[in-house]
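Trainee:
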Amino acid sequence: MSNHTCSFSGCNVALLSSNRTGRCQAHRKLKDNLTRTCSFLGCNASLRLDNKIGLCRMHRNAGNDICSQQHDNQLLSNDNTTDLCSSHQLERSTAVVSANSICNSKQTSHYSLPKSESMLAEVVGKVAGSKRSLPKDTMEERDLPNDQDEEDIVDLALLKRAFADSFKKMDDSKKWRLRSGKFVEDSLYAFGMSCSAEHLCHSFVVDPSDAIYTKHNIFTEDELTEIAASHCKPYPDIPLALRDFINQFNVTSTSDLRKAVLKTHPWDENYNKNIHGDLDWVRNSMYNLLRLYESDELEHPHLEQWFNIHVWRFFDTVFDTMKRIEVVRGESSSKASAVRKNLERVVGSKERIAAKKRGRKCDLIVRHHAPDHQVPLEYGAGESGRVYDGPHGTKLLTESSLKLPKTLKDMLDHLVINNSIPQDDIHKLEMVGYVTAGNDLLF
């Protein structure tokens, strides 16, 4: 059925699918002194006087038909010559497109492909009050919105299936048994299979501070205390010389802080990065923060990236004296996470080869330099936000309680597997995670 009406001012006569003038028969030769608008249903975009087709640029290639299946208003492209929707064309299926170019598949989310491989990224139509868009070209790694990576969109059924498969492969003799006699893995599995959303337990990771465990009687307070105390690692002792140097900046005014920062030291003339690198990093970090404070820029709101560049820059420079260690910024994907997500990817046979998946994106990744043909080892990650919206804010809960821990586990697994670390030494390893929000360091 047609979704075009006459573009003559005040006329709403429906047009035939074959009509390419944008006018009904009565108004085809009349001059319209009023502003002409796009004849696409629901669109009021103004048209130039020399526009002969009655459609705006956005709807010029949108096609004359909408899907006739019940509860569906998907747009179809005019130049579809394949007689297959995008999904069926890619899969080389035998789906047939009917006379009005509608895919016969029961899945009503299919769109028809234009014959050009470089089709528009999006064709938007206001049909039944909703926006519809055509898919991008097929490619091995599809881009998602900047604030969303592939694993943010979770198929819970597939997640639980993989979760169950991992549990079945476990050796009962190697499970973690608490003093109460309860096995941690068994409790996490029972809880994970009952969840209606993705949870950290689906990666067999326990956050002892998560109140959900006591709320649903998964673990008792004593059991969570035992879990938290297991192989707990104390903070490393700071060298006395470094501690005393840091205390020099413990002053009460910016003028005194500037004097302390600009004070010369004997090691300035005979600098050795292996000996004085930490001292120089502390002084440089304090100087950068002092200049930022004196500029009054902290009094104004800023975007997330501004805080990463100006406030949290010392995270990027703290590893400067360590060979082959780099801090990667800018929503970089974790290589360790990508390895885990593509473990079951094989060459195509009866089915086409699965698209290669990217790892979880992080605002900061601590990575080992490696040649292009090797997967680099990763030691930590960080997430950042523009503003701190409280301990129960959505961004903080999602990133610090789900996304970041799952990424760190992928990094730990990759580190263990690629270094053949003995079972008894695995608990000695520790991954580092940062969560910042505005001027606050939260984790």
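Numbering (our numbering), first residue to last: 2 to 444.
Cβ atoms here follow ideal geometry from the backbone N, Cα and C, with glycine treated the same way.
1. So what does Tyr-435 bridge to, in DSSP terms?
2. In whole angstroms, give me the CA-to-CA distance for Thr-38 and Ser-8.
3. With 16 as the cutoff for other CB atoms within 10 Å, does Asn-20 come out buried or exposed?
4. Can you tell me which residues form a DSSP beta bridge with Val-328?
5. Is the distance from the Cβ of Leu-293 to the Cβ of Val-262 below 8 Å?
6. Would you report the Cα separation of Asp-238 and Arg-244, rounded to the nearest angstrom?
7. Could you tell me the boundaries of the alpha helix (DSSP H) in which Met-287 lies?
8. Would you report the Cα separation of Cys-44 and Gly-55, rounded to the nearest angstrom?
9. Which word fits His-301, buried or exposed, when buried means at least 16 other C-beta atoms lie within 10 angstroms of its C-beta?
10. Is it the case that the Cβ atoms of Ser-333 and Lys-362 are separated by a distance below 8 Å?
11. Please classify His-217: does DSSP put it in a helix, a strand, or coil?
12. Whether or not the segment 222-241 and the segment 413-426 are in contact is what I'm after, with contact meaning three or more pairs of Cβ atoms, one per stretch, closer than 8 Å; do they touch?
13. Just checking my contact of Leu-280 with Phe-246 at CB under 8 Å: how many whole Å lie between their CB atoms?
14. With contact counted as at least three CB pairs below 8 Å, one residue from each stretch, are the segment 324-333 and the segment 266-275 in contact?
15. Determine the contact status of Glu-384 and Lys-404, defining contact as a CB-CB distance below 8 Å.
16. Please look up how many angstroms separate the CB atoms of Gly-360 and Ala-339, rounded, as I've assumed it's under 8 Å.
17. Under the DSSP definition of a beta bridge, which residues are partnered with Leu-442?
18. I need the DSSP call for Ala-356, collapsed to helix, strand or coil.
19. Work out the CA separation of His-203 and Asn-285 for me, nearest whole Å.
20. Any contact of the segment 164-174 with the segment 184-204, i.e. 3+ C-beta pairs under 8 Å?
21. Using the Cβ count rule (16 or more neighbours within 10 Å means buried), how would you classify Leu-189?
22. So for His-415, helix, strand or coil by DSSP?
23. Determine the contact status of Asp-364 and Asn-309, defining contact as a CB-CB distance below 8 Å.
24. Based on the DSSP output, what are the partners of Phe-184 in its beta bridges?
25. Would you decide whether Gly-391 is buried or exposed? Buried here means 16 or more other CB atoms lie within 10 Å of its CB.
26. Checking the sheet assignment: what are the DSSP bridge partners for His-28?
27. What separation, rounded to the nearest whole angstrom, lies between the Cα atoms of Pro-406 and Lys-396?
28. In whole angstroms, what is the alpha-carbon distance linking Ala-212 and Val-252?
29. With a threshold of 16 other CB atoms inside 10 Å of the CB of Gly-434, please say whether the residue is buried or exposed.
30. Within its chain, find whatever has a CB closer than 6 Å to the CB of Ser-110; leave out the 5 residues flanking it on each side and keep chain order.
31. Mind reading off the beta-carbon distance from Pro-377 to Lys-336? Whole number of angstroms is fine, and I expect it under 8 Å.
32. Rounding to the nearest angstrom, what Cα-Cα distance links Trp-268 and Gly-278 in this structure?
33. Which two residues bound the contiguous alpha helix (DSSP H) that contains Asp-321?
34. DSSP three-state label for Leu-77, please.
35. When DSSP labels each residue in this structure, what does Ser-401 get in the three-state scheme?
36. Using a Cβ-Cβ cut-off of 8 Å (strictly less than) and excluding sequence neighbours within five positions of Asp-320, which residues of its own chain qualify?
Mentor: For this structure:
1. Gly-383
2. 6 Å
3. buried
4. Val-367
5. no
6. Taking the straight line from one Cα to the other gives about 10 Å.
7. 274-295
8. 11 Å
9. exposed
10. yes
11. coil
12. no
13. Yes, Leu-280 and Phe-246 are in contact; Cβ-Cβ is about 5 Å, under 8 Å.
14. Result no; under three Cβ-Cβ pairs closer than 8 Å.
15. Cβ atoms of Glu-384 and Lys-404: closer than 8 Å.
16. 4 Å
17. Thr-437
18. Shown here, Ala-356 sits in coil according to DSSP, grouped into three states, outside any helix or strand.
19. 42 Å
20. yes
21. Buried is the call here.
22. helix
23. Note that the C-beta distance between Asp-364 and Asn-309 is below 8 Å.
24. Partner(s): Arg-178.
25. With fewer than 16 Cβ atoms within 10 Å of its Cβ, Gly-391 is classed as exposed.
26. Paired residues: none, contrary to the question.
27. Their backbone Cα atoms lie some 14 Å apart in a straight line.
28. 40 Å
29. buried
30. With a pLDDT of only 38 at Ser-110, under the threshold of 50, the placement of this residue in the model should not be trusted; the figure read from the coordinates follows. Within the same chain, Ser-110 has no close Cβ partners at all.
31. 6 Å
32. A direct Cα-to-Cα measurement between Trp-268 and Gly-278 gives close to 10 Å.
33. That residue, Asp-321, is in no alpha helix (DSSP H); it is neither H nor E in DSSP.
34. Below a pLDDT of 50, predicted positions are generally treated as unreliable, and Leu-77, at 47, falls in that range; the measurement from the model is reported next regardless. Looking at Leu-77 - three-state DSSP - the assignment turns out to be coil, as it is neither helix nor strand.
35. helix
36. The amino acid occupying residue 320 in the given sequence is Phe; Asp does not appear at that position. Same-chain partners within the cutoff: Ile-326, Glu-327, Val-328 and Val-367.
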